[in-house]
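Participant:
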Amino acid sequence: MAKLPRTSLNVLALAGLIATTLTACGEQPLEEYMAKANTYLSQNEVNAAVIELKNAIQQHPDASQARLMLGKVYLQQGDFPSAEKELFKALRASQDKNEVEPLLARAYLGQRKSTEIADLAKRPRSHHPEALADIYAMASLAMLMDNDPENAQDAFQQAQNTGQTTLYVRLAKASLDATHEHAEVALKQVETIVQAYPDSSEAWLLKGHLETSLNQDQAAANSYRKAVQHAPKALQYTLYLAQALVKTQQLNEAEKYVDTLLTAYSGHALTNDLKATILYARGEQDEAKVHADLAIRNGSRNVTTYLISGVVAYHQGNYELASERLEKIIPVMTENNMVKRLYAASQLKLGNIDGAMQTMRGFDATDQADSQFISNMSLEFAKIGRKDFALSLAEQATEDPSADNQLRLGLLQLASNDANGIETLQEILSSDPDMPEANLGLAYYYLRQGNYEQLHGVVNEWLARDPEDNAANMLKALVLLVENKPVEAKAIYSKVLSKNPDNIQAKLGLAQIAAVDGDSEKAFAYAREVYKSKPGHSLTTRTLYRYAQMSDNLQQAFDMVAAQVKAHPNNTALKLDLARGYILQRQPEKAIAYIKTLTPQQQTAQSWRLLGDIYFYQKDYRETEAAYAKWLEMDVLNQQAYIRNIQLKEMNNKMKDALSIAEKAELQFSQTPLFSLMKAGLQLKLGDLNASQKTLNKMPDETKQQQYFMQIQAMIYLQHQQYQEAITWQLKRYEAYPGIQSANDVAGAYVMSHQPEKAISFIEAVLKEHGDKAVPLRLTLAQLQLKHQPDKAMIQYRTLLEKDPNNVLALNNLAWLYMSKEDYKQACDNASKAIELAKEHPQIQDTYGYCLLKSGETANSLPMLEKAYKQVQNNAEVALHYAESLLANKKAGNARDVLNGVTTTDPELLQLKRQLEAQINL
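Using mature numbering (1 follows the signal peptide of the UniProt record, and there is no 0), the letters of the sequence shown map in sequence onto residues -24 to -1, 1 to 898.
1) Would residue 643 be called buried (16 or more neighbouring beta carbons within 10 Å of its own) or exposed?
2) Quick check on residue 878: buried or exposed, where buried means 16 or more other Cβ atoms within 10 Å of its Cβ?
3) Put residue 514 into one of helix, strand or coil per three-state DSSP.
4) Which residue wins for smallest C-alpha separation from residue 318, given the options 288, 330, 308?
5) Can you give the Cα-Cα distance for residue 848 and residue 868, rounded to whole angstroms?
6) Taking the alpha helix (DSSP H) that residue 574 belongs to, which residues open and close that run?
7) Can you have a look at residue 221 and say buried or exposed, based on whether 16 or more other CB atoms are within 10 angstroms of its CB?
8) Do residue 281 and residue 252 come within 8 Å of each other at the CB atom, strictly closer than that value?
9) Whose C-beta lies closer than 6 Å to the C-beta of residue 98 among residues of the same chain, with five residues either side of it excluded?
10) Alpha carbon to alpha carbon, what distance is there between residue 694 and residue 887?
11) Is residue 706 buried or exposed, if buried means 16 or more other CB atoms sit within 10 Å of its CB?
12) Between the C-alpha atoms of residue 470 and residue 451, what's the straight-line distance to the nearest angstrom?
13) Please classify residue 239 as buried or exposed, where buried requires at least 16 neighbouring CB atoms within 10 angstroms.
14) Please report the Cβ distance between residue 224 and residue 193, rounded to the nearest whole angstrom; I am assuming they are in contact, meaning their Cβ atoms lie under 8 Å.
15) Nearest by alpha-carbon distance to residue 805: which of 784, 817, 818, 816 is it?
16) What separation, rounded to the nearest whole angstrom, lies between the Cα atoms of residue 180 and residue 141?
17) Since residue 838 contacts residue 856 with CB under 8 Å, what's their CB separation in whole angstroms?
18) Using the Cα positions of residue 169 and residue 159, report the straight-line distance between them to the nearest angstrom.
19) Short check: CB of residue 244 to CB of residue 237, under 8 Å?
20) With C-beta atoms as the reference, is residue 174 less than 8 Å away from residue 155?
21) Give me, in chain order, the residues of the same chain whose beta-carbon lies closer than 7 Å to that of residue 139; leave out the 5 immediate sequence neighbours on both sides.
22) Just to confirm the assignment, what range does the alpha helix (DSSP H) spanning residue 818 have?
23) Can you grab the Cα-Cα spacing for the pair residue 207 / residue 52, in whole Å?
24) With a cut-off of 8 Å on the beta carbons, I'd call residue 479 and residue 473 a contact; round off their distance for me.
25) Please state whether the Cβ-Cβ distance between residue 309 and residue 320 is less than 8 Å.
26) Using the Cβ count rule (16 or more neighbours within 10 Å means buried), how would you classify residue 635?
27) Using C-beta distances below 7 Å, list every residue in its chain close to residue 865, excluding the 5 sequence neighbours before and after it, in chain order.
28) Could you tell me the alpha carbon to alpha carbon distance between residue 191 and residue 91, rounded to whole angstroms?
29) In the DSSP assignment, find the alpha helix (DSSP H) that holds residue 693 and state where it starts and stops.
30) Just the C-alpha distance for residue 553 and residue 619, rounded to the nearest angstrom, thanks.
31) I'd like the list of long-range same chain contacts for residue 187, defined as Cβ closer than 8 Å, with 5 residues on each side in sequence excluded.
32) When we look at the beta-carbon of residue 387 and count the other beta-carbons within 10 Å, is it buried (16 or more) or exposed?
33) Quick check on DSSP: helix, strand or coil for residue 199?
34) Could you check the C-alpha separation between residue 740 and residue 757 for me, to the nearest Å?
35) In the DSSP assignment, find the unbroken alpha helix (DSSP H) run with residue 900 in it and report its ends.
36) Report yes if the C-beta distance between residue 265 and residue 242 is below 8 Å; otherwise report no.
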């Protein structure tokens, strides 16, 4: 063993001596700690007293008197959990159960621990009547908290049997009286109690409860305030006070207590209810919703909280959440029509049209606010094509016979081509001849109908009453422009501007006239003025860009928009205008990058649509599909959004997804037949002919006269090989809608029915009737003649190429015709021109490669035919041409492999395949 040096022994001895000395100095008598604590309490320095008592307990763990004293301090402060901890330990060590047990019961009562109080009351270790009275009385109070009045009465009887009338016995009696609907009597008792025990927080708390039950809210707030003053750490008391203060609109004071409670427990449902109410009343709606949502997530069922969350969610554009919140509270807010109005509006915004209609049926049109809402909603339903219900609502709204409601009804009637709208608007004008909306409604109806005589009558009567009326003069100028009288229209616009230099419509009219006259600089000058006075408006921005392009001032227009964006950096509409400027400058990538800088909060339905349009222009259909899906998600009532999404899904060969969207749109917009037609077309493409026919059969007669209906019906017959019926429908379609496509489809139906001669005759007749207007049909005619009348086909192709030398299809097919005549020089000349125009097209590569092969350029033919084959290996004709070239280039094994993969039923191609196989076997 190693020996310690003498110096080390001295150090250890010294350390032991120091430790012994320090321990002896650190210990103070228990009485000294208690005395100091009492001194601090007398000076109202509670925290200092608590520290002294904690030190005493640390030094003397078995000191029950220190624990008892600390428990009392905690009780006085309202810190019931800490009081329970100390008093429970004091009870185990103390000889005086009579003092400690009632105090422990108080700690349990402050925490609503009724089971623990009941256990104390069943087996009390106290013997003094006063202690027993308190324990039984507090048991009674605890049972009342548990809504058990019968056992509460029994416990109170035990308290009375002690013969003592303590504070808690009196509180229990008052509480029992209150449960027997004697709240006024109970309150009088408690008023006496607080006079006798002014420092009792429990007495003040009960007084506040009774006053609340009697709707004495201000008095309740005062009582709760007293309770909190005497027990500042009792969070439940603070919560009662905060509730009372909110109820009495003492929001600033309430917020202090609410914030204290949130610091202790940020997720407490009721506290967040109160915070939401305070913030909403102050106008801080977004923050109010944060607390309302937190309260709901943590179990709140408070109607006001749901209302706050729903209302703010609606204004934030979160219609799904708004609908969810408002739906929960409508059953208990039957008299609050504001909630029902918001709920109906959110349903409509979400595309739940049937739900919105159902909600709307519950409104009372004799109520002015409801009537106004019904009238406004009628316009919304009209916008989405539900004109039947829109008219029904507008008529319902007229039960409140205001001019606005009558006006909307008249306008809707005219929009639905219901001539009764004329009478409705004329009735309004008879009482108020100068109402501009009614005059404009009539005027635009006559304009749409082309009834210029009636139109002039409306305008002239209006001007006769007031020659200086701006709206009447602007309408007159518009009529003159429609009638191609720009000089007279210009005079009116100039007259309006002389009196009102800031009139935007007049400047826009003069810009239009200047553009028609060829003065694009002047048109742009007017457009600049208009944009400066009203930047960010879609009409003024559109006009600015239009005339900027016409006058080669696009950069100047772009800079004007950019300046507005810089001045208003959070304006999404202006940023989208700038993105459109990039597009006009042919910088789509910059437009995409700029739109992508928008935050999720700034993104709108318009931004997603614009982004999708740019991707579509770039032929990036995958990104287009994603952007359009976002557009539809944010604008579920936009029919165009549905149409674009259906089309994109179809283009990306996602037919089932397209059909799903079409079916949803059909339900949403039941009065828009296009979606049923799109559904039928998609069912046809998916091969479900019966479903497609059923969809067509359900359509009204007027829809059956539409071109797309006839086209789908003809295609169904073709799929069923009912060729004559298909031809009948295609002819019917062409007669109703003569055009290049409908003519081509008639010819196609003839060809599929093995009547190529009739197809040729039909196209020749159309070309003879329509001349140059039908020039594209010459290509169809040439293709029809290619097999049956090759010489005539060559003439058609040459004629086409004289007018359009770069027509790839004509060049390609003419090459084949020359090859059929073994004129390989002419054939290769045309094929080489075609390949220059469409280098990557496999059929064009095949034509050129085969022409090289037939003209003797065997080696040169192989690379071109190989490229074509690799792109379309399943094309039997291309594969056979490639195999023929392989054989010519002495690659018989490769040729055999290619031929083994060729499957065809075409007689000519089968013959070629046999010839090539025979050559391999030689």
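Note that beta-carbon positions come from the ideal geometry of N, C-alpha and C, so glycine has one too.
Facilitator: From the atom records:
1) By the beta-carbon neighbour count (other beta carbons within 10 angstroms, threshold 16), residue 643 is exposed.
2) The residue is buried, with at least 16 neighbouring Cβ atoms inside 10 Å.
3) Residue 514 sits in a helix when the DSSP states are folded into three classes.
4) Residue 288 is the option with its Cα nearest to residue 318.
5) In this structure, the CA atom of residue 848 is about 21 Å from the CA atom of residue 868.
6) In the DSSP assignment, residue 574 falls outside any alpha helix (DSSP H) and carries neither an H nor an E.
7) Within 10 angstroms of the beta-carbon of residue 221 lie 16 or more other beta-carbons, which makes it buried.
8) The answer is yes: Cβ separation under 8 Å.
9) None.
10) Per the coordinates, the alpha-carbon of residue 887 lies some 29 Å from the alpha-carbon of residue 694.
11) Burial call: buried.
12) Those two C-alpha atoms are separated by around 14 Å.
13) Exposed is the call here.
14) The C-beta distance from residue 224 to residue 193 rounds to 5 Å, short enough to fall under 8 Å.
15) It is 784 whose Cα lies nearest to the Cα of residue 805.
16) When rounded, the distance between both Cα atoms is 18 Å.
17) Not quite, the Cβ-Cβ distance comes to about 14 Å (not below 8 Å), so this is no contact.
18) Roughly 15 Å between the two C-alpha positions.
19) Less than 8 Å divides the Cβ of residue 244 from the Cβ of residue 237.
20) Cβ atoms of residue 174 and residue 155: not closer than 8 Å.
21) So the qualifying residues of the chain are 105.
22) Looking at the DSSP string, the run of the alpha helix (DSSP H) that includes residue 818 is 818 to 830.
23) Using only the alpha carbons, I get a separation of about 6 Å.
24) Going by Cβ atoms, the distance from residue 479 to residue 473 rounds to 6 Å, so yes, they are a contact pair.
25) At a Cβ-Cβ threshold of 8 Å, residue 309 and residue 320 do not count as neighbours.
26) Buried, because 16 or more other Cβ atoms sit within 10 Å of the Cβ of residue 635.
27) A distance below 7 Å between beta-carbons, with the five flanking residues on each side excluded, links residue 865 to the following residues of its chain, in chain order: 834, 835, 838.
28) Roughly 31 Å separates the two Cα atoms.
29) Here the alpha helix (DSSP H) through residue 693 covers 683 to 695.
30) Taking the straight line from one Cα to the other gives about 24 Å.
31) In chain order, 163, 193, 195, 196, 199 place their CB closer than 8 Å to the CB of residue 187, counting only its own chain and leaving out the 5 sequence neighbours on each side.
32) Below a pLDDT of 50, predicted positions are generally treated as unreliable, and residue 387, at 49, falls in that range; no measurement from the model is reported.
33) The answer is helix: DSSP assigns residue 199 an H, G or I state.
34) The alpha-carbon atoms of residue 740 and residue 757 are separated by roughly 7 Å.
35) This structure gives no information on residue 900, because the portion of the chain shown stretches from -24 to 898.
36) No, these two residues do not count as a Cβ contact at 8 Å.
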